[in-house]
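In this note's numbering, the protein residues as written are 1050 to 1187. Beta carbons: idealized from backbone N, C-alpha and C, even for Gly. Everything below concerns the one structure shown next.
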Amino acid sequence: MIQSWQLTIPIYVANANSKKIEGYKMTPIDLAEKYMDCVFKTGNLEELRNILSDELQFRGPFFNFNSADTYVDSLKNDPPVDFKYKIIKSYANGSSACLVYQFSKPGVSTSMAQIFETMDGKINSILLIFDTGAFRSK
1050 MIQSWQLTIP IYVANANSKK IEGYKMTPID LAEKYMDCVF KTGNLEELRN ILSDELQFRG
1110 PFFNFNSADT YVDSLKNDPP VDFKYKIIKS YANGSSACLV YQFSKPGVST SMAQIFETMD
1170 GKINSILLIF DTGAFRSK
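Quick look at the structure:
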C-alpha cells in the first residue's frame, strides 16, 4: 500500500496599507535589508523607526547612539544624500545578520560592514565598520 502525504503551507495575504505580509516575522537578514532600503533608497525614516528597538545601540567610527529616537533624529537633521551601496555578501547566524557592501558617494568609495543584532522582530544593535581614511579630504 502506498501512503501519500499532504503538505499544507499557509498562504498569507499582503495588507495593502502596510505592505507587510500578515503572519510573517522578518528574519535578521530581512531586517538588515529593510534598514538599508530605508536609509539609502527610500529615506522613509518612519518605516525605519518601526524596525528599530527603542533601546537601539548604534556604534560606528564617527557616531554612537543609545536609542532609536536619537539615531533617527540624527538622520532627520542630516539626511543621507547621494549615497549608494552594492551588497557584496550577506550572512546570518541565529539572531544576527551581517552585510558587507561597497559604499559610495561623490568623492568616496569604500567597503563597509554592518552587523545587526535582532530581538523580538526588531534591530536592537548595529555595529558599523569601515576605514575612515576614505573620508579624509584629499
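Have a look at the options and flag the residue whose alpha-carbon is nearest the alpha-carbon of residue i.
i: valine 1088; options: Phe1184, Ser1145, Ser1123 and Ser1158; result: Ser1123
i: valine 1164; options: Tyr1084, Gly1092 and Leu1097; result: Here residue 1164 is isoleucine; the residue named in the question, valine, does not match the sequence. Here the closest residue by C-alpha is Tyr1084.
i: alanine 1117; options: Leu1101, Ala1162, Cys1147 and Gln1151; result: Leu1101
i: serine 1153; options: Val1130, Asn1099, Asn1113 and Leu1080; result: Val1130
i: tyrosine 1134; options: Ala1162, Gly1109 and Ser1145; result: Ala1162
Using the Cα positions of residue i and residue j, report the straight-line distance between them to the nearest angstrom.
i: aspartate 1103; j: serine 1160; result: 29 angstroms
i: glycine 1182; j: isoleucine 1136; result: 21 angstroms
i: valine 1185; j: phenylalanine 1111; result: The amino acid at residue 1185 is misidentified as valine; the sequence shows arginine. C-alpha separation (whole angstroms): 12 angstroms.
i: aspartate 1180; j: leucine 1094; result: 26 angstroms
i: threonine 1167; j: proline 1155; result: 32 angstroms
i: lysine 1125; j: leucine 1176; result: 20 angstroms
i: lysine 1090; j: proline 1128; result: 12 angstroms
i: cysteine 1147; j: isoleucine 1178; result: 11 angstroms
i: phenylalanine 1114; j: aspartate 1086; result: 20 angstroms
I'd like the span of the beta strand (DSSP E) that includes residue i, first residue to last.
i: methionine 1085; result: That residue, methionine 1085, is in no beta strand (DSSP E); its alpha helix (DSSP H) goes 1077-1085.
i: lysine 1135; result: 1133-1142
i: lysine 1090; result: No beta strand (DSSP E) holds lysine 1090; DSSP gives it neither H nor E.
i: lysine 1171; result: 1171-1179
Can residue i and residue j be called in contact, C-beta distance under 7 angstroms?
i: tyrosine 1198; j: phenylalanine 1132; result: Residue 1198 lies beyond the range of the chain shown here (1050 to 1187); nothing can be said about it.
i: isoleucine 1078; j: serine 1139; result: yes
i: glycine 1170; j: lysine 1074; result: yes
Bridge partners of residue i, per DSSP?
i: threonine 1159; result: Phe1152
i: arginine 1108; result: Asn1113 and Leu1176
For the alpha helix (DSSP H) that contains residue i, what are its first and last residues?
i: arginine 1098; result: 1094-1099
i: serine 1123; result: 1117-1126
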